Amino acid sequence: MNAYKEYFPTKAYRIAEMRLSTLLRVERDRLDAIAASLGRESAIGPDNLREQLPEILKFTEAYHTAYDQYLKAVLVQQPRPIQCRPACGNCCHHYPMSVEPFELIFMYSELRKRDDLLSLMEACQMRSDKFESLFESRKEEGLSEDDAEDKALHDYFSWWRSCPFSDMAGDCTVYPLRTVSCRMYFSETDPQYCTPDMLQTEKNDSYIVYMPDVVENAVYGISEHYAALELPESFFGGLLALNGYEGVLGA
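Here the numbering used here is used: position 150 in the sequence shown is 167, and no number is missing along the way.
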């Protein structure tokens with residue numbers, strides 16, 4: 018899988034980057050002020066999660082909108098047309114990592130309204146347990162934490178179990194809520210090559226649309242303000258952890 022990190026600074030790109038940067042700066046300032054008023058390092062904790070929820074949801078929706086505008090500015094610069102299409106869903110067999118805490122809160126706040134929340138959490142638990150088992154097995158081989166994680170992520174993809182939010186046709190049932198980890202993944206080759214046996218071959222040309230370092234650092238700074246919630250960075254594990262705050266969110 019290739020990683021395209023450098024893009025030509027077109028007018029659309031500069032505008033999209035500026036919007037992202039401005040949005041993140043404003044939110045970071047807001048969270049810094051909250052933390053200062055509470056006399057602690059992180060702004061969001063179990064004690065004020067419910068109170069801050071409306072602002073968290075508003076910010077995350079704006080963040081996703083700004084990131085989508087950034088995507089429009091960079092995808093036109095790719096060497097070949099994007100081959101991703103509705104009901105493909107091959108990439109939805111990965112184990113999503115590096116999910117920001119505010120995105121997890123944004124999605125869970127909608128999931129908790131669904132009648133099938135319990136079954137969704139059970140499906141997340143099964144996938145989380147599977148990954149942990151694969152990760153521990155790789156560590157037993159004497160690999161470093163990073164190498165074991167990389168191997169376990171590929172092992173999980175080879176397990177070929179679709180995301181619990183994919184329907185039978187392969188479409189995403191939470192598409193408007195999906196995290197940036199999902200939004201940033203694309204392929205320039207036919208979906209038939211987005212499979213475990215083809216992923217690391219020259220026939221597959223999938224890649225991730227990264228944001229500029231200054232934007233990535235700003236996102237990291239905001240996520241640090243959620244440290245007190247102790248949410249895992251994994252998609253399924255993070256949602257499970259938020260389920261433990263159900264009493265707080267429902268108060």
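Note that CB positions come from ideal geometry on N, CA and C, so glycine has one too.
All values reported here derive from a predicted model rather than from experimental measurement.
{"Check": "Here's a check: name, in chain order, each residue in its chain whose Cβ is nearer than 8 angstroms to the Cβ of K156, leaving out the five neighbours to either side.", "Outcome": "E162, A165"}
{"Check": "Assuming V197 and L41 are in contact, meaning their beta carbons sit under 8 angstroms apart, how far apart are those beta carbons, in whole angstroms?", "Outcome": "Actually they are not in contact, since the Cβ atoms of V197 and L41 sit about 12 angstroms apart, beyond 8 angstroms."}
{"Check": "Have a look at P208 and H171 and give me their C-alpha separation to the nearest angstrom.", "Outcome": "17 angstroms"}
{"Check": "Helix, strand or coil for Y112 per DSSP?", "Outcome": "coil"}
{"Check": "Going by C-alpha distance, which of M201, F203, Y202, K220 is nearest Y210?", "Outcome": "K220"}
{"Check": "By the 10 Å Cβ neighbour count, where 16 or more other Cβ atoms means buried, how is N234 classified, buried or exposed?", "Outcome": "exposed"}
{"Check": "Put F25 into one of helix, strand or coil per three-state DSSP.", "Outcome": "coil"}
{"Check": "Inspect the beta-carbon positions of S194 and E127 and report whether they are closer than 8 angstroms.", "Outcome": "According to the sequence provided, residue 194 is Leu. The question's Ser does not apply to it. Result yes, Cβ atoms of L194 and E127 sit closer than 8 angstroms."}
{"Check": "Check F174 in the structure and name its three-state DSSP category.", "Outcome": "helix"}
{"Check": "Can you grab the Cα-Cα spacing for the pair K28 / A140, in whole Å?", "Outcome": "43 angstroms"}
{"Check": "Mind checking which residues open and close the beta strand (DSSP E) that includes I225?", "Outcome": "223-226"}
{"Check": "My output table needs one value for F148: the three-state DSSP class, helix, strand or coil.", "Outcome": "helix"}
{"Check": "Which one of R47, G255, M138 has the shortest CA to CA distance from P118?", "Outcome": "G255"}
{"Check": "Looking at the structure shown, is C199 part of a helix, part of a strand, or coil, going by DSSP?", "Outcome": "helix"}
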